[in-house]
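Single-structure report; data block below.
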Amino acid sequence: MGNKTKTNRLSIYLIKGEFNTPESILKDIDKLTPHNLNDDKSFVLYTKDSYIHPPQWIQKFFLETPDDFNLKNSSSQGLFLAKIKVSNEKYRFFAIPFGFGRHLLNLGVIEERFGLKVVLNTVDEKQLRSIVKKNMSNVPKESREQVSLNSVIADFGIDIEQDLILGMTGKSKKEDFGITITGKDALGVSVKVDIRTIGGFLKQCFECYCKDAYKANFGWIDQIAEIKSKTTIDMLNERMVGRVKERDFNKLWMAIPEIIDWEDVEGFCYSYDNTNDKLDDIDIRGFLKGLLTDEDYSKVSVNIFTKNKICCYSLSSGIRTHEWKAFNCLYCEIEQNGSVFLLTNGKWYQITTDFVTQVNETYQGLLRKKIALSLPGYNDKNEDKYNKRVAESINSICLMHDKKIPYGGGHSNIEFCDLFSKDKEMVHVKRYGGSSVLSHLFNQGLVSGELFRAEKGFRDKVNGKLPVGYKLSNTASIQPSEYKVIYAIISRIDQELNIPFFSKVSLKNAKRRLEMIGYEVFLMKINTRK
Numbered sequence: 002m003g004n005k006t007k008t009n010r011l012s013i014y015l016i017k018g019e020f021n022t023p024e025s026i027l028k029d030i031d032k033l034t035p036h037n038l039n040d041d042k043s044f045v046l047y048t049k050d051s052y053i054h055p056p057q058w059i060q061k062f063f064l065e066t067p068d069d070f071n072l073k074n075s076s077s078q079g080l081f082l083a084k085i086k087v088s089n090e091k092y093r094f095f096a097i098p099f100g101f102g103r104h105l106l107n108l109g110v111i112e113e114r115f116g117l118k119v120v121l122n123t124v125d126e127k128q129l130r131s132i133v134k135k136n137m138s139n140v141p142k143e144s145r146e147q148v149s150l151n152s153v154i155a156d157f158g159i160d161i162e163q164d165l166i167l168g169m170t171g172k173s174k175k176e177d178f179g180i181t182i183t184g185k186d187a188l189g190v191s192v193k194v195d196i197r198t199i200g201g202f203l204k205q206c207f208e209c210y211c212k213d214a215y216k217a218n219f220g221w222i223d224q225i226a227e228i229k230s231k232t233t234i235d236m237l238n239e240r241m242v243g244r245v246k247e248r249d250f251n252k253l254w255m256a257i258p259e260i261i262d263w264e265d266v267e268g269f270c271y272s273y274d275n276t277n278d279k280l281d282d283i284d285i286r287g288f289l290k291g292l293l294t295d296e297d298y299s300k301v302s303v304n305i306f307t308k309n310k311i312c313c314y315s316l317s318s319g320i321r322t323h324e325w326k327a328f329n330c331l332y333c334e335i336e337q338n339g340s341v342f343l344l345t346n347g348k349w350y351q352i353t354t355d356f357v358t359q360v361n362e363t364y365q366g367l368l369r370k371k372i373a374l375s376l377p378g379y380n381d382k383n384e385d386k387y388n389k390r391v392a393e394s395i396n397s398i399c400l401m402h403d404k405k406i407p408y409g410g411g412h413s414n415i416e417f418c419d420l421f422s423k424d425k426e427m428v429h430v431k432r433y434g435g436s437s438v439l440s441h442l443f444n445q446g447l448v449s450g451e452l453f454r455a456e457k458g459f460r461d462k463v464n465g466k467l468p469v470g471y472k473l474s475n476t477a478s479i480q481p482s483e484y485k486v487i488y489a490i491i492s493r494i495d496q497e498l499n500i501p502f503f504s505k506v507s508l509k510n511a512k513r514r515l516e517m518i519g520y521e522v523f524l525m526k527i528n529t530r531k
């Protein structure tokens with residue numbers, strides 16, 4: 002009876018193959034106490050001395066002597082490190098923390114998405130309970146969706162082109178993995194396993210990690226993956242810096258990384274610039290010109306982007322309203338060994354080649370698509386002034402910019418479009434920016450187009466904003482095929498319009514949905530006049 006295996010809740014990490022000694026895996030190993038659990042020292046529990054101490058909040062908040070409350074804390078830290086033979090000649094380390102033992106691991110040593118991949122290969126695809134995802138279509142946001150009953154993946158409303166799956170929980174198909182299994186970087190299981198049987202179980206976990214069976218039901222999950230490996234990130238940063246040294250800016254540029262109110266922008270400046278001069282926009286060549294001489298380019302490191310900042314000043318108040326690391330304003334694309342890597346908003350992502358090809362084909366199709374509408378170049382202080390000038394100078398176009406239409410359903414104030422023509426062209430204008438900026442533009446056109454097609458109440462309110470000569474003859478219904486949705490992007494770059502990959506994904510998604518309800522979609526570039 003005493004030998005009966007009890008159920009243990011375990012969080013299991015797989016250590017990357019290049020870290021093959023305890024010294025390379027553990028933080029401050031000389032301060033830890035090793036407890037060898039077998040003869041060959043392949044099973045070792047590392048512990049850190051813990052001390053009983055009063056909680057800090059007693060004195061900080063209640064202003065009392067800690068001893069008066071007779072409360073004590075003791076945070077135990079233990080980490081079980083197992084060296085497992087996973088094939089004939091191959092060994093891998095696994096780490097199982099206990100208490101706060103996770104903090105004993107060095108940064109960058111764990112295999113990212115290990116737990117997720119094991120779950121994908123062992124979970125019942127019809128018995129999913131929870132999803133952790135990051136949406137890449139606008140400002141990247143992480144969210145968890147949980148259902149009250151086990152469900153299929155479709156019930157979670159995942160956009161397979163724009164959602165990065167970080168974690169998953171569901172019912173296991175394998176009895177050895179317990180009833181419910183969860184995985185992100187770590188694998189979480191409740192299993193009848195202890196020190197006597199852990200070796201065989203960890204080998205099973207590794208075998209599940211190596212399988213590709215998940216591709217039958219979850220193949221799309223590999224389209225986008227955030228890079229967390231410090232080794233890989235350092236390599237990609239070096240490749241990016243190499244382009245700077247060569248002054249190769251073909252797929253390396255700068256853009257404002259978030260949505261800002263351009264109407265209230267006085268200008269930008271670089272943190273190293275002590276003059277009061279404000280820039281109309283940011284540019285990587287201009288950023289580097291103020292920092293480097295011709296001889297300095299050979300000495301460039303990533304620090305030049307992480308230590309310097311880009312600042313934005315308000316037109317109305319004159320104060321600094323935004324500040325970003327220059328690194329967060331960088332956009333870079335790198336191709337290597339059949340993979341495509343993207344740097345956007347300070348993070349690197351790996352994209353499957355097939356997905357990149359698919360997205361770029363849609364984008365290039367839009368660029369090649371001819372459009373009759375012609376808009377003048379941009380030499381204005383902001384979009385507001387540009388839109389007003391266009392509407393005043395072209396008789397067939399009216400101004401709709403900033404004419405917000407309040408509408409329910411969580412949409413709040415909707416901008417129908419910036420410019421509307423007598424040829425039923427709904428033009429959405431935006432100055433070039435990073436992924437979140439342009440994705441916001443594409444989503445704005447999508448929401449407006451869907452409401453205009455589906456909601457008479459919205460059409461009535463739009464009609465109330467339209468000037469005489471542009472009003473709808475009948476708001477009871479419209480024929481979307483008679484209308485064009487045009488995304489017009491103001492860009493100072495002389496070359497063909499090129500936008501960040503995640504913006505292309507958002508554009509592809511908006512185009513598909515707008516065309517499904519009958520609209521024709523166009524993309525055009527508005528050049529900046531010097």
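Position one of the sequence shown corresponds to residue 2 (the working numbering), numbered consecutively onward. Here a beta-carbon is modelled for each residue, glycine too, at the ideal position from N, C-alpha and C.
The C-beta of Thr183 has 16 or more other C-beta atoms within 10 Å across all chains shown, which makes the residue buried. By the CB criterion at 9 Å, Thr232 and Glu90 fall outside the cutoff.
Judged by DSSP in its simplified three-state form, Arg493 adopts coil rather than helix or strand.
Within the same chain, Cβ atoms closer than 6 Å to the Cβ of Thr8 are found at Ser191 and Lys193, the five residues on either side in sequence being excluded. The closest CA to that of Gly434, considering only Ile491, Gly158, Met241 and Arg10, is found on Ile491. Taking a cut-off of 8 Å on C-beta distances, the stretch 428-447 touches the stretch 484-502, as three or more cross pairs fall below it. DSSP lists Ser131 as the beta-bridge partner residues of Gln147. In this structure, Gly100 and Gly79 form a Cβ contact; the two beta carbons are roughly 6 Å apart against a cut-off of 8 Å. Annotated three-state conformation of Gly470 is coil, per DSSP. Just measuring C-alpha positions, the residue of Glu267, Pro55, Lys326 and Phe250 sitting nearest Tyr273 is Lys326. Looking at the DSSP output, Ile234 shares a beta bridge with no other residue. Runs of the alpha helix (DSSP H) lying entirely within the stretch 15-81 and spanning at least 4 residues, in chain order: 23-26 and 57-63. Between Leu11 and Gly189, the gap from beta carbon to beta carbon is short of 9 Å. Its Cα nearest to that of Ile234, the residue Trp349 stands out among Ile320, Cys313 and Trp349.
With respect to Pro258, Asn329 sits close: the two C-beta atoms are nearer than 9 Å. Cα atoms of Thr6 and Ile13: separation of roughly 18 Å, rounded to the nearest angstrom. Bounds of the beta strand (DSSP E) holding Cys333 are Leu331 to Gln337.
Under the DSSP assignment, Cys313 falls outside any alpha helix (DSSP H), being part of the beta strand (DSSP E) whose first and last residues are Lys310 to Ser315.
Residue state for Ile161 is assigned as coil, using DSSP reduced to three classes.
The beta carbon of His36 lies closer than 8 Å to those of Val45, Leu46, Tyr47 and Thr48 in the same chain, with the five residues before and after it left out. Taken in chain order, the unbroken stretches of alpha helix (DSSP H) that lie wholly in the stretch 330-415 and span 4 residues or more are 354-369 and 384-394. With contact defined as three or more Cβ pairs closer than 8 Å, the stretch 116-131 and the stretch 155-170 are in contact. Under DSSP, Asn528 shares a beta bridge with Ser492. Contact annotation, Ile494 with Phe459: C-beta distance approximately 36 Å; criterion of less than 8 Å not satisfied. Residue burial is scored here from C-beta neighbours: Leu117 has at least 16 other C-beta atoms within 10 angstroms and is therefore classed as buried. With a 10 Å radius around the Cβ and a threshold of 16 neighbouring Cβ atoms, Tyr298 comes out exposed.
For Cys209, the enclosing alpha helix (DSSP H) begins and ends at Ile199 to Cys211. Bounds of any beta strand (DSSP E) do not take in Phe250, whose DSSP letter is neither H nor E.
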